[in-house]
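Note that the protein sequences, when read in sequence, are chains P and D. Using this note's numbering, you'd call the opening residue of the first sequence number -7 and step up by one each time. Using this note's numbering, you'd call the opening residue of the second sequence number 339 and step up by one each time. For glycine and all other residues, C-beta sits at the position ideal for the given N, C-alpha and C. Below: one structure, written as structure tokens.
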Amino acid sequence: EPEVTQTPSHQVTQMGQEVILRCVPISNHLYFYWYRQILGQKVEFLVSFYNNEISEKSEIFDDQFSVERPDGSNFTLKIRSTKLEDSAMYFCASSEETSTEAFFGQGTRLTVV
Amino acid sequence: GESVGLHLPTLSVQEGDNSIINCAYSNSASDYFIWYKQESGKGPQFIIDIRSNMDKRQGQRVTVLLNKTVKHLSLQIAATQPGDSAVYFCAESPYNQGGKLIFGQGTELSVKP
């Protein structure tokens, strides 16, 4: 069964450092997303991406965040200067269309120290 | 503002009983709704979805009911099993917002053998 894969599974970084979280969406999907989940809280939308551009983003997704699809298979989330409050699980998801099932990866646990 | 909330943070049921998990949403523009199951340390896993032009949809052991009049969504799990123990999130997708999902707070379902 096709799945969304994310690497690494756990990333520890020092405050102020840049991190790149990587995702390989399902191959025939056209819409890509990043979500985050702070421990014990709900899943929060960060950004959606379609046709090589951001189609929607949340207030959380400020200038410190960026997304990129550097090639035909990867989808990355970059945080330029990490803060302690960026510590969370980050989930990548993809879907064939909007208003269809979004498949989630297993997540990357980001710990900022 | 936009929000999707759950009435009960925890639900404990006996194995074999039916479970009902409720959800309230606030965005009238949402036209697509999904229930996800999340096990500890994993990403959200799709259970069932429903579009706004329907009021009921059934899957294997699960049924989703949508009441647009009161903006209420529910998930019914028949013959609940220990493997159903997890956190359940409802999510809504507002029309024409890039496929973003707004998640509720989550209900933790605990199934007693």
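Within chain D, partners of residue i - CB distance below 8 Å
i, result
"Ala94 (chain P)", "Ile372, Phe384, Gly437 and Leu439"
Simplified DSSP assignment, three categories, for residue i
i, result
"Val449 (chain D)", "strand"
"Pro420 (chain D)", "helix"
"Tyr433 (chain D)", "coil"
"Ser350 (chain D)", "strand"
"Ser91 (chain P)", "coil"
"Leu439 (chain D)", "coil"
"Gln414 (chain D)", "strand"
"Met7 (chain P)", "coil"
"Asn43 (chain P)", "coil"
"Asp355 (chain D)", "coil"
Per-residue burial, residue i [other beta carbons within 10 Å of its own, 16 or more giving buried]
i, result
"Thr418 (chain D)", "buried"
"Ser73 (chain P)", "exposed"
"Pro382 (chain D)", "buried"
"Val105 (chain P)", "exposed"
"Met81 (chain P)", "buried"
"Tyr433 (chain D)", "exposed"
"Ser19 (chain P)", "exposed"
"Ala85 (chain P)", "buried"
"Ala367 (chain D)", "exposed"
"Arg28 (chain P)", "buried"
"Leu38 (chain P)", "buried"
"Gly97 (chain P)", "buried"
"Gly397 (chain D)", "exposed"
"Pro17 (chain P)", "buried"
"Gly354 (chain D)", "exposed"
"Ile358 (chain D)", "exposed"
"Ile30 (chain P)", "exposed"
Partner residues on chain P for residue i, Cβ-Cβ distance less than 9 Å
i, result
"Lys406 (chain D)", "Ordered by position in chain P, no residue passes the 9 Å Cβ test against Lys406 (chain D), which lies about 16 Å from the chain."
"Asp369 (chain D)", "Ser91"
Counterpart residues of residue i in DSSP-defined beta bridges
i, result
"His2 (chain P)", "P:Arg101"
"Ser14 (chain P)", "The sequence shown places Arg at residue 14 (chain P), not Ser. Answer by DSSP bridge pairing, in chain order: P:Thr(-1) and P:Thr68."
"Arg28 (chain P)", "P:Glu36 and P:Tyr82"
"Ile(-6) (chain P)", "The question names Ile, but residue -6 (chain P) is Pro in the sequence shown. Pro(-6) (chain P) pairs with nothing; no bridge assigned."
"Phe427 (chain D)", "D:Tyr374"
"Lys75 (chain P)", "In the DSSP output, where bridge partners are listed per residue, Lys75 (chain P) has none listed."
"Phe53 (chain P)", "In DSSP, Phe53 (chain P) forms no bridge with anything."
"Ser366 (chain D)", "BP columns for Ser366 (chain D) are empty, so no partner."
"Ser58 (chain P)", "P:Lys70"
"Asn360 (chain D)", "D:Ser412"
Within chain D, the residues that residue i reaches when beta carbons sit closer than 9 Å
i, result
"Phe83 (chain P)", "Gly381 and Pro382"
"Gln98 (chain P)", "Gly379, Lys380 and Gly381"
"Glu(-7) (chain P)", "None at all; the shortest Cβ gap to chain D is about 12 Å."
Under 8 Å by beta carbon: chain P residues contacting residue i
i, result
"Ser431 (chain D)", "Thr90 and Ser91"
Residue i: contacting residues in chain D (beta-carbon distance under 7 Å)
i, result
"Phe37 (chain P)", "Lys438, Leu439 and Ile440"
"Glu48 (chain P)", "Gln435, Gly436 and Lys438"
"Ser40 (chain P)", "Gly436, Gly437 and Lys438"
"Lys70 (chain P)", "The premise fails here: Lys70 (chain P) is roughly 19 Å from chain D at the closest Cβ pair, so nothing lies under 7 Å."
"Ser87 (chain P)", "Gly437"
Chain-ordered chain P contacts of residue i [CB-CB under 7 Å]
i, result
"Asp393 (chain D)", "Within chain P, no residue comes near Asp393 (chain D); the closest Cβ sits about 17 Å away, beyond 7 Å."
"Gln443 (chain D)", "Lys34"
"Asp387 (chain D)", "Glu93"
Please give me, in chain order, every unbroken run of the beta strand (DSSP E) with length at least 3 that falls completely inside the region 368 to 411 of chain D. 368 to 376, 383 to 389, 394 to 396 and 400 to 405
Mind listing which residues of the region 413 to 424 of chain D have their C-beta closer than 7 Å to chain C's C-betas, in chain order? Within the model displayed, chain C is absent; protein chains P and D are what it includes.
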